[in-house]
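Numbering (my numbering), first residue to last: 1 to 484.
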């Protein structure tokens, strides 16, 4: 029994530890940094970009492997049911023999010396077998050297493209997170406003029962109360939808709950634009660095066209065994055979070998190389033109993002002041109404003005946060260097 309890306690300990690890891996409430970190790990686009990096790394190794010895093995068995015949004239057929010229007419009588004769191929048997190894080693190739450089440039392009993909994910997740954060704050405001109207409605009902308020006052507040509850219910559905959007951007399971931590007060949207722009360079932009990598690749493509006109030097060697037989079964036979020196050999297979050096020198290709070089040079010119276009686009984006940010900060400051004023007006109007020196209509109007001011403030706050994200993107500061 004691042994049973020990095993039970061990099992509980394992379950508890496993649950603790799972809880540690997936937080119950996500901050912005945690949302971004989760997205960068689980985003399909980021994962594909990382796979592209692995493909590029494998491409570098593949290109380097071309400089290693290339070894091929081959085995073939062949049977010729009808061998090709030898064709010759009578004079040629016997002119190289040891027969005297006077004996030629005794062979194939009736044919002249220049008549064509066809004889059996007595130099080749019908069946043959060949087993060998071919070895090739590249000694020099201009295209190979450029190919190594291009493969490394391609790997660099994949790294820069992955950074650009991460930047896009960070932008999407950040904006979705801020949307959820704003909607959570607004949901709390709805609850506070409904609570305040509910208290006002109860007080007005009490005043109405005691004859100090008219029924129309109660109805007016009840209408405002019902409208506010309906507006809150509609807004809560929008808030839930914004959470689903955040899950989608994070590649988070849509059927799993997601809590967002943080307050909008923690969002830093105010900054010094002058100091923010100091030390900025186009190369901080991921799209600019991607274009630089493409330019490098295109320049190497042009270089490869020139390199392909250089000689190619390689060494080769062929080693193998060869045999012939009168039938296909004899190829696989191990019976003895007469060797080249007249001795009986152990089998019918004979070895052969050769080695050498090959030099391939392109001489004339019908001007194809000239036009290929022309095409690659023009393509490189297009890429270089792309820098001018990209710089103009970046300059416009920076100016637009800066203006939008300044306008958003100005609007946020004004809406914050308006909300404070509206809150003060609503507070004073309510006190005056409760003291009997104010009207019910003034209270309802003040509450409506307060809700509108609150809505405008949070809308301005969201615009400011989004403008800050766009500003960071325009200056290439959206992804911290540690995540590059």
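Where a beta carbon is used, it is the ideal one built from N, C-alpha and C, also for glycine.
Check, Outcome
"Same chain only: Cβ atoms within 7 angstroms of residue 152, ignoring 5 sequence neighbours per side", "60"
"Close-in-space but distant-in-sequence residues of the same chain around residue 309 (CB under 7 angstroms, 5 per side omitted)", "362, 369"
"Where the alpha helix (DSSP H) containing residue 233 begins and where it ends", "215 to 250"
"Spatially closest choice to residue 166 from 35, 223, 265, 420, by CA coordinates", "35"
"Bounding residues of the alpha helix (DSSP H) (the contiguous stretch that carries residue 383)", "368 to 434"
"Backbone secondary structure at residue 270 - three-state DSSP", "coil"
"Inter-residue Cα distance where the pair is residue 427 and residue 388", "58 angstroms"
"Short Cβ contact (8 angstroms threshold) for residue 284 with residue 476", "yes"
"Residues of its chain near residue 160, where Cβ-Cβ distance is below 6 angstroms and the 5 sequence neighbours each way are ignored", "289, 290, 293"
"Host alpha helix (DSSP H) of residue 449 (start-end)", "440 to 474"
"Below-8 angstroms beta-carbon distance, residue 228 vs any chain C residue", "Absent from the structure: chain C. Only one protein chain is present."
"Nearest-angstrom Cβ-Cβ length linking residue 235 and residue 186, presumed shorter than 8 angstroms", "7 angstroms"
"DSSP beta-bridge partners of residue 254", "BP columns for residue 254 are empty, so no partner."
"Spatially closest choice to residue 203 from 364, 221, 193, by CA coordinates", "221"
"Span separating the alpha-carbon of residue 52 from that of residue 149", "18 angstroms"
"Inter-stretch contact at 8 angstroms, needing at least 3 Cβ pairs: the stretch 205 to 215 / the stretch 66 to 75", "no"
"The stretch 40 to 57 in contact with the stretch 74 to 83 per 3-pair CB rule at 8 angstroms", "no"
"Unbroken alpha helix (DSSP H) run spanning residue 286, endpoints", "286 to 307"
"Classification of residue 252 by the beta-carbon crowding that lies within 10 angstroms, buried from 16 upward", "buried"
"Residue environment, residue 273, which counts as buried when at least 16 other CB atoms sit within 10 Å", "exposed"
"Cutoff 8 angstroms; reference residue 246; Cβ partners in own chain excluding five residues on either side", "35, 173, 176, 177, 179, 180, 252, 258, 260"
"Terminal residues of the beta strand (DSSP E) in which residue 499 lies", "Residue coverage of the chain in this structure runs from 1 to 484, which leaves residue 499 outside it and unanswerable."
"Distance, residue 141 Cα to residue 468 Cα", "52 angstroms"
"Paired residues, beta bridge with residue 259 - DSSP", "29"
"Euclidean distance between Cα positions of residue 413 and residue 381", "48 angstroms"
"Complete runs of the alpha helix (DSSP H) confined to the stretch 25 to 79 [at least 4 residues]", "32 to 42, 44 to 65"
"Residue 271 versus 302, 464, 479, residue with shortest Cα-Cα distance", "464"
"From 461, 184, 57, residue whose alpha carbon lies closest to that of residue 155", "57"
"Segment contact, 8 angstroms Cβ cut-off, at least three pairs: the stretch 448 to 455 with the stretch 413 to 424", "yes"
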